[in-house]
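Here's the structure we're looking at; comments come further down.
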Amino acid sequence: MSRISFIHDTVSNIIKKFDTRDPFNICSNMNIHIYYKDLGSSLKAYYFYHSRIKNIIINVNSQGPMTRVLCAHELGHAMLHNNPKAVCLFKETELFDATGLAEYEANLFAADLLIPDSELLSLMVNPDKTVFNIAQEFYVPVELLEFKLQILKSKGLFVNLPDIANSNFLKKTLPANCVSSLS
1 MSRISFIHDT VSNIIKKFDT RDPFNICSNM NIHIYYKDLG SSLKAYYFYH SRIKNIIINV
61 NSQGPMTRVL CAHELGHAML HNNPKAVCLF KETELFDATG LAEYEANLFA ADLLIPDSEL
121 LSLMVNPDKT VFNIAQEFYV PVELLEFKLQ ILKSKGLFVN LPDIANSNFL KKTLPANCVS
181 SLS
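Residues in the sequence shown are numbered from 1 upward in steps of one, following my numbering.
This is the structure:
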């Protein structure tokens, strides 16, 4: 079984077990504690395991849909990287960076959790939709959508990968209409 298949199976089992794709609800059901702290301007979130308790810290300065993405990413670390001594820190320039294996896997996990296959495939058949439009519909950065497209490709679906993910995309903000529609 490939690592992508393992991650997809893990996400599918979690969604079935808790009947939700909401990372905050999943964390609550799994007794993963979420805290909001002022982490400065470059650190967005991190996960750590201490005294048999899983913890996710999210920068209080992160707003709107990005907090959901950060929680899903950190949940990926909690589910996939269970080293009791692990502390997974994510700076602004590292989240969605595909160069490290743990980061890559957490990104795949978050993408698979937040973007349902069927909804994505129905949007992709519309020739007027771009990857940017589709990402906006899911309230995720386009870079996260690229990770989901990698999952679909691994399942044997013909997908043109846009190759747009870069490690500094978090310096950009989400479009105002994306944030306002969630408020």
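Where a beta carbon is used, it is the ideal one built from N, C-alpha and C, also for glycine.
Going by DSSP in three states, residue i sits in which element: helix, strand or coil?
{"i": "H8", "result": "helix"}
{"i": "I115", "result": "coil"}
{"i": "H77", "result": "helix"}
{"i": "K129", "result": "coil"}
{"i": "L39", "result": "coil"}
{"i": "I14", "result": "helix"}
{"i": "F200", "result": "Here the chain has residues from 1 to 183 only, and residue 200 is not among them."}
{"i": "Y139", "result": "coil"}
{"i": "F158", "result": "coil"}
{"i": "I134", "result": "helix"}
With a 10 Å radius around its C-beta and 16 neighbouring C-beta atoms as the bar for buried, classify residue i as buried or exposed.
{"i": "P127", "result": "exposed"}
{"i": "N25", "result": "exposed"}
{"i": "Q150", "result": "buried"}
{"i": "N107", "result": "buried"}
{"i": "S5", "result": "exposed"}
{"i": "Q136", "result": "buried"}
{"i": "L39", "result": "buried"}
{"i": "S62", "result": "buried"}
Among the residues of its own chain, which have a CB less than 6 Å from the CB of residue i, if the five just before and after it don't count?
{"i": "K54", "result": "I32, A78"}
{"i": "Y35", "result": "I57"}
Mind reading off the beta-carbon distance from residue i to residue j? Whole number of angstroms is fine, and I expect it under 8 Å.
{"i": "I57", "j": "A72", "result": "About 15 Å separates the two Cβ atoms, so there is no contact after all."}
{"i": "L144", "j": "V60", "result": "With a Cβ gap of about 22 Å, L144 and V60 do not count as contacting."}
{"i": "I7", "j": "L80", "result": "7 Å"}
{"i": "S41", "j": "S154", "result": "The Cβ separation is near 35 Å, so there is no contact."}
{"i": "L114", "j": "R21", "result": "6 Å"}
I'd like to know whether the C-beta atoms of residue i and residue j end up nearer to each other than 7 Å.
{"i": "F109", "j": "G76", "result": "yes"}
{"i": "V131", "j": "V142", "result": "yes"}
{"i": "P23", "j": "Y139", "result": "no"}
For residue i, which residues from the same chain have a beta carbon less than 7 Å from its beta carbon, with the 5 sequence-adjacent residues on both sides left out?
{"i": "D112", "result": "I7, H8, V11, K148, I151"}
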